[in-house]
Amino acid sequence: MDSLYDKDLLRQAAKATGAGKLAAPQATLMLDNPLCGDRITVELSFDGEGPERRVREIGHTVKGCVLCQASASIIGQNAKGATAASLKTQQEHLSHMLKKQGPLPATAWPALTAFEPVADHKSRHNCVLLPFEAVIEAALS
Amino acid sequence: MDSLYDKDLLRQAAKATGAGKLAAPQATLMLDNPLCGDRITVELSFDGEGPERRVREIGHTVKGCVLCQASASIIGQNAKGATAASLKTQQEHLSHMLKKQGPLPATAWPALTAFEPVADHKSRHNCVLLPFEAVIEAALS
Amino acid sequence: MGKFDPAPVRAQFPIFSAPLRPGVALHYLDNAATSQMPAVVMDAVRAHDATRRANVKRGVHTLAERATDAFEAARAKLARFLNAADPDEIVFTSGATGALNLAANSFGALLKAGDEVVLSVLEHHSNLVPWQMLRDRSGVVLRFLPATAEGHVDVGALGRTVTQRTKLIAVTHVSNVTGAITDVAAITRAAREVGARVLLDGSQRVSHGPVDVQTLGCDLYALSSHKMFGPNGVGALWGKAELLAQMPPFLGGGEMIRTVTLDRTTYAKPPHRFEAGTPPIAQAVGLGAAIDWMNTLDHGAVATHLGALTQRILKGLADLGGGNGRVRVVGPPGLHGRVPVVSFAVDGAHPHDICQMLDAHGVALRGGHHCAQPFMESCGLGGTTRASLAPYNDDGDVDALLNGLEDALAKLS
Amino acid sequence: MGKFDPAPVRAQFPIFSAPLRPGVALHYLDNAATSQMPAVVMDAVRAHDATRRANVKRGVHTLAERATDAFEAARAKLARFLNAADPDEIVFTSGATGALNLAANSFGALLKAGDEVVLSVLEHHSNLVPWQMLRDRSGVVLRFLPATAEGHVDVGALGRTVTQRTKLIAVTHVSNVTGAITDVAAITRAAREVGARVLLDGSQRVSHGPVDVQTLGCDLYALSSHKMFGPNGVGALWGKAELLAQMPPFLGGGEMIRTVTLDRTTYAKPPHRFEAGTPPIAQAVGLGAAIDWMNTLDHGAVATHLGALTQRILKGLADLGGGNGRVRVVGPPGLHGRVPVVSFAVDGAHPHDICQMLDAHGVALRGGHHCAQPFMESCGLGGTTRASLAPYNDDGDVDALLNGLEDALAKLS
Ligand SMILES: Cc1ncc(COP(=O)(O)O)c(C=O)c1O
Ligand SMILES: Cc1ncc(COP(=O)(O)O)c(C=O)c1O
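Residue numbers (this note's numbering), protein chains in the order written: chain C, 30 to 170; chain V, 30 to 170; chain Y, -12 to 400; chain E, -12 to 400.
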């Protein structure tokens, strides 16, 4: 069947690491992709202040496709300790891999390789990128 | 060369029967065909009153193509004594011949046969019909 | 009415002559988005461009006369297809969206603040956004007919929605989401009582054979060529001559004028008043060829054939996952009052994942809000998956759909 | 730059493969109205429709992805042809008229009563009527640059026409009547002094090779595919990203929204904001193929070739009737500052008679006001006869033109 949906990716989506709400979020952000109806809400709490503050806890609620779910789950696994800037760097790695079909650099989160087959499907790029946009906007807010 | 411009028609146009202005017009009407820039001014005087009044004299000024000129000239030859209704009948004969490619009836002005080749050229129908519209509108005014 | 065999029809469509990908046949069930085009239509467009390409309406040379004749012949064909009183009641546009924007701007210019336009929540954005823009510009009030539980425009609500201030009821003839056919008689009756006009968005109706605007009793009818086996880039607005004559122009440009000076412009009669600039000539000629092609079909037999396929889809959806009710049809549950367009929602599976997984089986579906977000909201859905049929579809297409769905749902559980 | 041979180019155009009528070859000199289409463009459109026809932008199935890729690839080709900074600066429209109406409505929405828009008397109705409609709607003031005696936009009048209230100068890049090329540098200089934007109507320029909007320094550029060897039914508006981002949408419908509710709609980013409904997909793909085809030409060599033919026409016109001055060229007298489009007026002979008589010789010309009535009025002319050239034209076409004119003028004297 479609290589887009290999077992890893489906498992990643099912795992839904970080799904749920935080008790005391310091930032909350809802974003949707009107083209396909995907919607994600991200809640964050932080250590520190200002641009250097780091994600302490993350909670997300996804109403969306498997790609969006898997993307949120990977963020749930990796975002702890990240700054807005480092999240942005991960998004750029991912976006470059999708849009330019370039390889992921060694510094990218290893789990992002699950999205390599999405590069061929432009109409799905936004599904994968939406959770990154949401978490970055939340971290910057 | 193009059968549209046979000698008769060119002669008819050159003859320009009725061209010029009347000393004391009772009706004057200017009409133009913006698609090609043809413009005709018709002046009429009448015998009688009301719908039954008859054309006594006609004068026309044409700035237009040969087809329009020939049409005005034929009207100049034949309009004397005509009522608005009888002019309208001639226009209908002509229009039917052009649009339905039907024959001209015996009651049509014989000179109108000069326009038979125009039937094939829809874009030129209005050139021939414009002087009729103008003289009818003037007669009705 | 004989039994309909889709095979010879399918053979006329070049798209089916090669596999979609090596080893994967195309099962095209996205006809409501765009139908495929038969070779005769492609041939007609090419023949036009190869033997009589020219600009229309003003040229006196042979090619221009031939092009104009072909363009006007297409107008006459479409007029007959719609049973319009006169070819000059047909305005060629860039598509249904172009036609609906023309209506909202040009008919809209006849309305004043406080006048009401009745739409339905089922409208495609193309029959909603232009009216919202009109509202924002001119203070016209929009009122909405709800949808029934089965996805029809709810004509039961006409009584409380249509008022003495209603000037237009503009609704879809057939919903592009649910496939439900609108009860037009109820609409026109309600409109007549208050002297309102009726516009129908026929985009999803014209794929299924000739329409009779005179029997329907509407005033304006919008359609799109690419949904009726014709080329992209052309559509039409039909309007009653008497109404078109009252409507001011919308787009300005060449061919729609009578005289132009720097200060003042006077406009041509309909339809030319509404056809600014060079129209989509070759595309209109292609649409004419598509109508000729449609006229070769026995539409009753086609409807029976597609009804049987629709029935199989509806039953197959109900049986999926052992009939656990995970799949819900959004639209009429049976064949009554519908065209062969079936939308469904699957618990816990996103339409785009379903479409993507089905694509691996060669099945082309559409998933999402189908440009009908308000209806989706009213159903509490983010989107649906939609299968839509055309005469070339066959049992093999339905098999591929149902087998593919079985697989996909297993994965997405 | 080698010498250009039109024969192999001509051989690529199916229209020339058969006589116009038995025994009469086609001499197509109506290229400014619509240029002919090479077989490769027809092939590209057919290949699209036969192998990847689908609706674009939203579909996730293979055909939809292929169609979207092809459509976006066409956008990128056009962006390169215009040297746009980004493909997303290209908005596909139904044609140049569609592009100019978009500009007049969407850019026009940014203007308020008393703001001034400067046009020229040479404008095609498509770049005049939409601005008149804007004026009548919103109280924007229109001011006009006159034409020079040689048929150029008179940039000498900029000083007294452009004011501190000028928000836009919208003029033709090349006149469709006189063939004169506008001094764009003077226009942009005057605009910059008062902070005004510049729109160029490039309809008559794009037939003659790539354009560099960045060097030109304009803000908006309108064009039409059917004048650059591409299909009917598609055109484009290029706009600077920063400007497009400020412009509100014009047409409403599918594909141009971000979210829609019954009350409120938010819009997508450019270019999608301006592309409501199904765009002319196959036609845009055809335009891309036409650009590829144009890129195979040596435009310098073509210009030299067409310059030589133009020179022959100019001389031939002067010599007609023994050089009695009966024929007057309306436009630049020589090759300087013009494209190969020649308009002329003949004393005592109406353009339509001339065109009709020339048609008997197989020569396709255009006669009339060329959708530029204000310019005709300003010249005191009812119309002109126009011969316009393309790379496939050759000496035989010019011979047929001049011989035919000799005959016609003899008859029409
Ligand atoms: C200068 C100019 N502007 C605009 C147009 C209109 O373009 P379109 O044919 O795409 O409507 C034309 C041609 O008709 C033209 O020559
Ligand atoms: C009901 C309905 N209305 C309008 C449209 C828009 O038509 P077009 O594709 O011509 O823009 C569509 C299809 O997209 C439709 O299904």
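The beta carbon of each residue, even a glycine, is placed where N, CA and C say it ideally should be. Please read all numbers here as calculations on a predicted model, not as lab measurements.
With respect to chain E, the C-beta atom of C:Ser152 has a partner C-beta closer than 7 Å. Distances between the C-beta of E:Ser375 and the heavy atoms of ligand 2 are all 6 Å or more. For the set E:Val127, E:Ala172, E:Arg192 and E:Asp206, the Cα lying nearest the Cα of E:Ser375 is the one of E:Arg192. Every alpha helix (DSSP H) stretch that sits fully inside the stretch 139 to 226 of chain E and reaches 4 residues is listed by chain position as 145 to 148, 171 to 181 and 200 to 203. Chain-ordered, the chain Y residues with CB closer than 8 Å to the CB of E:Ser113 read Gly239, Gly240, Gly241, Ala263 and Gly264.
Around the beta carbon of V:Glu121, a 10 Å sphere encloses fewer than 16 other beta carbons of the protein chains shown; the residue is thus reported as exposed.
Sequence-ordered contacts of the stretch 182 to 194 of chain Y with chain C are nonexistent [C-beta pairs closer than 8 Å].
Interface residue (Cβ-Cβ distance to chain Y less than 7 Å): E:Met120 is classified as such.
In the pairwise beta carbon analysis, the stretch 141 to 152 of chain Y is classified as not touching the stretch 278 to 294 of chain E: fewer than three pairs are separated by under 8 Å.
Nearest in C-alpha terms to Y:Gln23, of all of Y:Ser4, Y:Gln298, Y:Lys302 and Y:Trp118, is Y:Ser4. For Y:Val329, the CB contacts under 6 Å within the same chain, skipping 5 residues up- and downstream, are Ile300 and Ala374 in chain order. Taking a C-beta distance under 7 Å as the contact criterion, Y:Ala61 and Y:Leu274 qualify as a contact pair.
In the DSSP assignment, Y:Leu231 falls outside any beta strand (DSSP E) and within the unbroken alpha helix (DSSP H) covering Ala228 to Gln233. For Y:His259, there is no enclosing alpha helix (DSSP H), as DSSP gives it neither H nor E. At a cut-off of 7 Å between C-beta atoms, E:Val272 does not count as an interface residue with respect to chain C. According to the DSSP assignment, Y:Arg62 belongs to the alpha helix (DSSP H) that extends over Thr49 to Leu69. Within the stretch 79 to 90 of chain Y, the residues whose Cβ lies closer than 9 Å to any Cβ of chain E are, in chain order, Thr80, Ser81, Gly82, Ala83, Thr84, Gly85, Leu87 and Asn88. Between the beta-carbon of Y:Val140 and that of Y:Ser107 there is about 4 Å, and that keeps the pair under the 8 Å contact cut. At a cut-off of 6 Å, the beta-carbon of Y:Gln360 does not count as near ligand 2: no heavy atom of the ligand is closer than that. One Cα belongs to E:Ala397, the other to E:Gly308, and the distance between them is close to 8 Å. Non-local beta-carbon contacts of E:Phe0 in its own chain, meaning distances under 6 Å to residues more than five positions away in sequence, involve Gln23, Pro25 and Tyr379 in chain order. Bounds of any beta strand (DSSP E) do not take in C:Thr112, whose DSSP letter is neither H nor E. In the DSSP assignment, E:Arg353 is bridged to E:Arg373. At least one heavy atom of ligand 2 lies closer than 6 Å to the C-beta of Y:Asn163. Residue pairing of Y:His286 in beta bridges, as defined by DSSP: absent, with no partner found. Contact of Y:Gly46 with chain V by beta-carbon distance below 8 Å involves Ser152. Listed by position along chain C, the residues whose Cβ is nearer than 7 Å to that of E:Thr150 form an empty set, because the closest Cβ is around 43 Å away.
Annotated as proximal: Y:Ile268 and Y:Phe58, with beta-carbon spacing under 7 Å.
Taken residue by residue, none of the stretch 96 to 109 of chain V has a beta-carbon sitting less than 7 Å from a beta-carbon on chain E.
Three or more beta-carbon pairs drawn from the stretch 34 to 49 of chain C and the stretch 133 to 143 of chain C are found closer than 8 Å, and the two stretches are therefore classed as touching. Here the stretch 343 to 352 of chain E does not lie against the stretch 313 to 329 of chain E, with fewer than 3 beta-carbon pairs under 8 Å apart. In the displayed model, C:Ala108 falls within coil according to three-state DSSP, outside both helix and strand. Shown here, V:Phe75 sits in a strand according to DSSP, grouped into three states.
Contact check for Y:Gly222 against Y:Gly82 passes: the beta carbons are separated by less than 7 Å.
The beta-carbon of Y:Asp340 is placed less than 7 Å from the nearest beta-carbon of chain C. For a Cβ distance threshold of 9 Å, residue set His337, His339 and Gly369 of chain Y lies close to C:Gly93, ordered along the chain.
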